[in-house]
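Numbering (the working numbering), first residue to last: 1 to 311.
For reference, the structure is listed below as structure tokens.
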Amino acid sequence: MSQVSKFLKSQSVSVIGVPFSGGQPRGGVEEGPCRLVEFGLLNQIEELGWAVDYEGNENITALQPKEDPDTLNLKQPKYVSAVTQHVSKQIYQSAKEGKFVLTLGGDHSIGIATVSGVFGAYPNACLIWVDAHADINTPASTDSGNIHGCPVSFLAGIAGDHPDFAWVRPLLKTERLTYIGLRDIDAGEKKIIKDLGIKAFSMHHVDKYGIGKVVELALDHVNPNRDLPIHLSFDVDALDPSVAPSTGTPVRGGLTFREGHYICEAIAETGLLVAADIMEVNPTLEDTNSVYQTVQVGCSLARCCLGETLL
């Protein structure tokens with residue numbers, strides 16, 4: 001098969017599991033990566049013609065500090081910071097070596113790590129964030145204090161100074177960011193998106209234009225000449241709960257099975273995709289069938305990012 005990205009140096013993928021739930025209060029999402037791997041994801045990727053190396057980060061809980069008080073409104077900031085800084089170095093290293101980086105979460109606070117690592121290696125990259133939620137709350141605007149709702153604000157340099165996240169560099173220019181699938185956005189986030197002129201496609205736009213047009217418009221905005229590396233961060237709660245029920249913050253009215261896969265297929269087809277995140281699979285929520293269905297979808301989205309097509 002042909003190389004998925006013009007920017008990769010080899011047909012190699014670095015799969016990085018981040019079994020982490022510290023960015024939000026519900027346990028179980030830390031089991032997402034190992035369930036995707038148990039389901040055979042690494043073999044499935046090899047069958048697509050890739051050389052695979054895997055880092056499971058099974059001992060990541062060792063980074064949890066003994067004390068981690070709420071700081072500037074954020075919960076568990078020291079833990080989230082330690083994990084994301086650790087993982088960002090792994091991602092940067094793999095991206096720098098010219099490998100495709102596939103990160104399996106864990107909660108979406110890990111986006112701080114994935115974008116920091118990928119954009120460290122590809123400073124001119126663009127980010128397509130597929131999610132029901134905008135995850136761009138600042139420490140000042142978040143109601144919950146859960147950091148999985150804040151990663152984009154740190155990456156874009158609008159979070160303000162936070163003592164625990166001084167290491168995060170504002171590598172993400174807001175004109176290089178676009179959202180697809182939004183449908184549950186806090187008032188503070190709506191204001192941030194409007195004030196900064198961030199290009200966002202909600203489910204209203206998907207209904208209005210169809211997914212093919214939405215992906216094209218998103219790419220036209222962040223990558224008009226189709227010559228920049230692309231990082232795709234995909235939260236499975238972007239999908240309708242009927243498609244991916246086992247996730248921590250499901251919201252009705254999401255992407256269909258095909259719409260979710262189309263996004264991954266169309267972006268892979270550009271030959272510009274260098275990294276993808278599959279986030280927020282929580283195998284402890286819902287019944288066995290729901291978990292199986294969600295894990296299966298997580299694996300098939302990852303395969304589409306790596307070049308699997310229907311024909």
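For every residue, glycine included, the Cβ atom is placed at its ideal position computed from N, Cα and C.
Here the structure is a predicted model, which means the values were calculated and not measured.
My parser needs the beta strand (DSSP E) runs of 3 or more residues fully inside the stretch 81-113; what are they? 100-105
To the nearest angstrom, how far is the alpha carbon of Pro-151 from that of Ile-112? 5 Å
Which residues mark the beginning and the end of the beta strand (DSSP E) in which Val-15 is found? 12-18
Closest to Thr-247 by CA distance: which of Glu-259, Ala-132, Ala-140 and Asp-227 is it? Ala-132
Contact belief for Leu-127 with Arg-183 at Cβ below 8 Å, rounded distance in angstroms: Not a contact, Cβ separation roughly 19 Å.
Anyone know if the C-beta pair for Ser-14 and Asp-53 falls short of 8 Å? yes
For Ser-2, count neighbouring C-beta atoms within 10 Å of its own C-beta (all shown protein chains included) and say buried if the count is 16 or more, exposed if not. For Ser-2, the pLDDT reaches just 46, beneath the cut-off of 50, and the residue's location in the model is therefore unreliable, although a value from the coordinates is still provided. Exposed, by the Cβ-count rule.
Within 10 angstroms of its Cβ, does Tyr-134 collect 16 or more other Cβ (buried), or is it exposed? The question names Tyr, yet the displayed sequence has Ala at residue 134. Ala-134 comes out buried.
What residues are listed by DSSP as bridge partners for Asp-237? Asp-237 pairs with nothing; no bridge assigned.
Extent of the continuous alpha helix (DSSP H) to which Cys-150 belongs: No alpha helix (DSSP H) holds Cys-150; DSSP gives it neither H nor E.
Helix, strand or coil for Tyr-122? Go by DSSP, reduced to three states. coil
Restricting to Cα atoms, I'd like to know which of Ala-187, Gln-293, Val-130 and Phe-165 is closest to Lys-75. Phe-165
Which residues bound the beta strand (DSSP E) around Leu-311? Unbroken run through Leu-311: none, as it is neither H nor E.
Using a Cβ-Cβ cutoff of less than 7 Å, which residues in the same chain neighbour Val-295 once the five nearest sequence positions on both sides are dropped? Arg-35, Leu-36, Phe-39, Val-281 and Pro-283
With H, G and I counted as helix, E and B as strand and the rest as coil, what does DSSP make of Ile-128? strand
What would DSSP say about His-162, mapped onto helix, strand or coil? coil
Top-ranked residue by Cα proximity to Pro-250, from Ile-263, Ser-290 and His-231: Ser-290
Rounded distance between the beta-carbons of Ala-276 and Gly-254, thought under 8 Å: About 19 Å; that fails the 8 Å criterion.
Can you confirm whether the stretch 18-30 touches the stretch 67-81 when touching is taken to mean that 3 or more C-beta pairs between the two stretches lie within less than 8 Å? yes
Hey, could you find the ends of the beta strand (DSSP E) Thr-178 is sitting in? 177-182
DSSP three-state label for Thr-294, please. helix
Got a sec? Which residues, its chain only, sit under 8 Å from Leu-285 by beta carbon, not counting five neighbours each side? Arg-26, Gly-28, Pro-245, Ser-246, Thr-247, Gly-248 and Val-291
What's the gap between the Cα of Lys-173 and the Cα of Ala-200? 14 Å
Taking the alpha-carbon positions, what's the Glu-46 to Gln-11 distance? 10 Å
Give me the DSSP bridge partner(s) of Tyr-54. Val-15
Helix, strand or coil, according to DSSP, for Ser-367 in the structure here? Shown here, the chain extends from 1 to 311; a query on residue 367 therefore has no answer.
Proximity of Pro-229 and Asn-73 at Cβ, strictly below 8 Å: no
Touch check for the stretch 136-148 and the stretch 218-234: three-plus C-beta pairs under 8 Å? no
Contact under 8 Å by Cβ, Met-279 with Asp-68: no
Do Gln-90 and Glu-58 have their C-beta atoms closer together than 8 Å? no
Out of Leu-102, Phe-154, Thr-309 and Val-274, which one is the CA nearest neighbour of Asp-227? Val-274
Check whether the Cβ atoms of Ile-60 and Val-130 sit closer than 8 Å, and answer yes or no. no
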